[in-house]
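Under my numbering, the first residue of the sequence shown is numbered 29, with each subsequent residue one higher.
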Amino acid sequence: MFERTMLEKPMLEKLCAVLVATTMWVLASAGHAAAQGTGTIWDGVYTSAQAARGKTTFEGTCARCHNPELTGSERGPALKGGTFLSHWEDDSLESVFNKIRDTMPPIGPNTLSEDIKIDILAYILQSNAYPAGTVDLRPTGSVLEGIKIAKKGIWNGVYTTAQAARGKTTFETACIRCHGADLTGTNGPPLVGDKFLGNWETDSLNSLFVKIRDTMPPNFGTILEPEAKLEILTYILQTNKFPAGSEDLKVDSEGLDAIQIVRKAGESVAAPNFALVQVVGCLSQGPNNGWVLTSTSAPVVTKEQTSTPEALKRAEAQPLGGDTFQLVSVAPFKPDLHRGHKVEAKGLLYRDPDDKRINLTSMQMVGSSCGQ
29 MFERTMLEKP
39 MLEKLCAVLV
49 ATTMWVLASA
59 GHAAAQGTGT
69 IWDGVYTSAQ
79 AARGKTTFEG
89 TCARCHNPEL
99 TGSERGPALK
109 GGTFLSHWED
119 DSLESVFNKI
129 RDTMPPIGPN
139 TLSEDIKIDI
149 LAYILQSNAY
159 PAGTVDLRPT
169 GSVLEGIKIA
179 KKGIWNGVYT
189 TAQAARGKTT
199 FETACIRCHG
209 ADLTGTNGPP
219 LVGDKFLGNW
229 ETDSLNSLFV
239 KIRDTMPPNF
249 GTILEPEAKL
259 EILTYILQTN
269 KFPAGSEDLK
279 VDSEGLDAIQ
289 IVRKAGESVA
299 APNFALVQVV
309 GCLSQGPNNG
319 WVLTSTSAPV
329 VTKEQTSTPE
339 ALKRAEAQPL
349 GGDTFQLVSV
359 APFKPDLHRG
369 HKVEAKGLLY
379 RDPDDKRINL
389 TSMQMVGSSC
399 GQ
């Protein structure tokens with residue numbers, strides 16, 4: 029027994045070494061898969077060192093056409109900002125890499141290796157403020173195909189806490205009188221909560237910034253620099269519980285245009301009272317000769333008081349629902365002409381358990397009958 033154990037010891041040591049090596053390989057592979065499996069470029073799919081290598085190559089090989097700031101020129105398109113992201117949004121990194129691999133640089137796509145070109149792609153990702161991770165991006169089709177390109181959302185941390193603190197100080201000096209200390213609005217609209225989000229949902233941060241930059245404070249719109257107004261915007265984001273990140277938000281129209289205002293995934297909130305909403309329903313005359321919309325769709329917050337022909341076509345196809353609303357200020361829209369028709373209505377919403385009303389801003393027929 030003793031001799032057999034002594035003879036097996038070297039074999040056991042080798043076996044242990046193999047097991048350890050295999051375990052380390054599996055763990056490394058798992059880490060790589062976690063970093064570069066299916067997901068988006070917000071998951072940290074390259075390293076800072078890789079992007080630094082890519083920057084060096086880019087500056088020597090690509091900057092002449094695409095500009096050192098990656099903003100493009102007459103010789104090459106922009107590689108960062110809203111235009112670039114809109115072009116590649118919802119595509120995979122494989123598509124971007126294949127474009128670089130097969131066509132860049134134009135004078136000789138084969139003059140740079142795939143490893144060098146994947147480093148350039150990492151630098152492009154870094155320049156678009158996508159976060160770095162712990163594993164280099166590799167030029168492997170199956171990996172790149174699973175990484176989707178997505179625009180930055182305000183849940184990705186687009187400002188810093190220090191920037192929001194500066195914005196709070198300015199807000200308390202210049203904005204609090206109209207919008208309130210808690211941003212719920214007094215003489216001005218609320219800048220926090222469901223109504224604020226309903227007004228700006230799916231819009232870009234650039235739209236909100238332009239509104240603040242060009243119109244606020246009323247009658248004194250130029251007393252604050254754009255940078256100070258952007259800091260106010262970051263304070264509004266912080267108050268609405270959008271997370272902070274590691275870099276200040278910049279006064280950059282393309283960059284701001286690429287950041288969409290959205291609710292947290294899976295979160296939806298009913299249209300709040302006094303919001304401008306759109307519904308479709310069946311027009312009829314109710315008790316006391318009042319006009320009502322029956323079988324209405326759920327109210328949807330809108331920014332437009334009237335609808336374009338294209339929007340009316342969409343309303344025509346919109347399914348009916350199960351709600352009923354009293355209509356206010358209906359006379360200017362000649363309701364007698366549309367009795368029994370399917371109509372689109374827009375107006376200010378008010379509802380409580382005993383009363384549901386829409387104060388109309390527009391009403392247009394979208395169907396000659398309700399099809400009930």
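Backbone N, C-alpha and C define an ideal beta-carbon position, used for all residues, glycine too.
Beta-bridge pairing of residue i - partner residues as DSSP gives them
i	result
residue 380	383
residue 319	313
residue 186	None, per the DSSP bridge assignment.
residue 395	370
residue 328	306
residue 68	176
residue 266	For residue 266, which the question treats as bridged, DSSP gives no partner whatsoever.
residue 120	176
residue 235	According to DSSP, residue 235 bridges with nothing at all.
residue 356	387
residue 351	324
residue 154	Answer by DSSP bridge pairing: none, since residue 154 is not bridged.
residue 181	288
residue 101	104
Closest Cα partner of residue i within the set the options
i	options	result
residue 69	222, 163, 97	163
residue 316	334, 304, 327, 355	355
residue 307	283, 353, 360	353
residue 80	340, 143, 154	154
residue 336	364, 113, 373	373
residue 361	263, 381, 387	387
residue 160	211, 112, 365, 78	78
residue 104	126, 134, 129	134
residue 340	395, 86, 239, 232	395
residue 206	170, 247, 255, 258	247
residue 187	239, 131, 267	267
residue 359	313, 302, 83	313
residue 380	302, 364, 350, 357	302
residue 385	357, 170, 115, 83	357
residue 169	375, 136, 127, 91	127
residue 93	363, 132, 82, 364	132
residue 375	115, 83, 331	331
Neighbourhood of residue i by C-beta distance below 6 Å, restricted to the same chain and skipping five residues each side
i	result
residue 398	310, 370
residue 245	202
residue 106	99, 100, 112
residue 260	195, 198, 199
residue 158	69
residue 208	214
residue 348	323
Residues of its chain near residue i, where Cβ-Cβ distance is below 7 Å and the 5 sequence neighbours each way are ignored
i	result
residue 299	226, 305, 327, 328, 329, 377
residue 263	192, 195, 196, 199
residue 256	198
residue 284	232, 233, 234, 237
residue 241	254, 257
residue 322	309, 310, 312, 352
residue 350	323
residue 363	311, 319
residue 138	none
8 Å CB neighbourhood of residue i in its chain, flanking five on each side removed
i	result
residue 407	Because the chain here runs from 29 to 400, residue 407 falls outside it and cannot be looked at.
residue 220	210, 211, 212, 264, 267, 268
residue 292	183
residue 59	Below a pLDDT of 50, predicted positions are generally treated as unreliable, and residue 59, at 40, falls in that range; no measurement from the model is reported.
residue 383	354
residue 251	202, 245
residue 43	Low confidence applies to residue 43: its pLDDT is 36, below 50, so where it sits in the model is not reliable enough to give any reading.
residue 125	145, 146, 149, 167, 172
C-beta atoms of residue i and residue j nearer than 8 Å
i	j	result
residue 89	residue 172	no
residue 182	residue 85	no
residue 413	residue 346	Missing from the structure shown is residue 413; the chain here goes from 29 to 400 and no further.
residue 117	residue 129	no
residue 102	residue 96	no
residue 156	residue 108	yes
(Q) If contact is defined by three or more beta carbon pairs under 8 Å, each pair taking one atom from either stretch, is the segment 278-294 in contact with the segment 207-218? (A) A contact between stretches requires three or more CB pairs, one per stretch, nearer than 8 Å, and the segment 207-218 fails this requirement with the segment 278-294.
Q. Between the segment 255-273 and the segment 190-204, do three or more beta carbon pairs fall short of 8 Å?
A. With a cut-off of 8 Å, the segment 190-204 and the segment 255-273 count as touching, because enough Cβ pairs lie within range.
Q.
Any contact between the segment 116-126 and the segment 176-183? By contact I mean 3 or more CB pairs, one from each, below 8 Å.
A. Judged by Cβ distances under 8 Å, the segment 116-126 makes contact with the segment 176-183, as three or more pairs qualify.
Q.
With three or more C-beta pairs closer than 8 Å as the rule, is the segment 277-284 touching the segment 317-324?
A. The segment 317-324, when compared against the segment 277-284, does not touch it at the 8 Å Cβ threshold.
Q: Answer yes if the segment 219-229 comes into contact with the segment 147-159, meaning at least three C-beta pairs across the two stretches below 8 Å, and no otherwise.
A: With the cut-off at 8 Å, the segment 147-159 and the segment 219-229 do not touch.
Q: Specify whether the segment 153-172 and the segment 74-94 touch according to this definition: at least 3 beta carbon pairs, one from each stretch, less than 8 Å apart.
A: Touching, yes, given that three or more Cβ pairs across the two stretches are closer than 8 Å.
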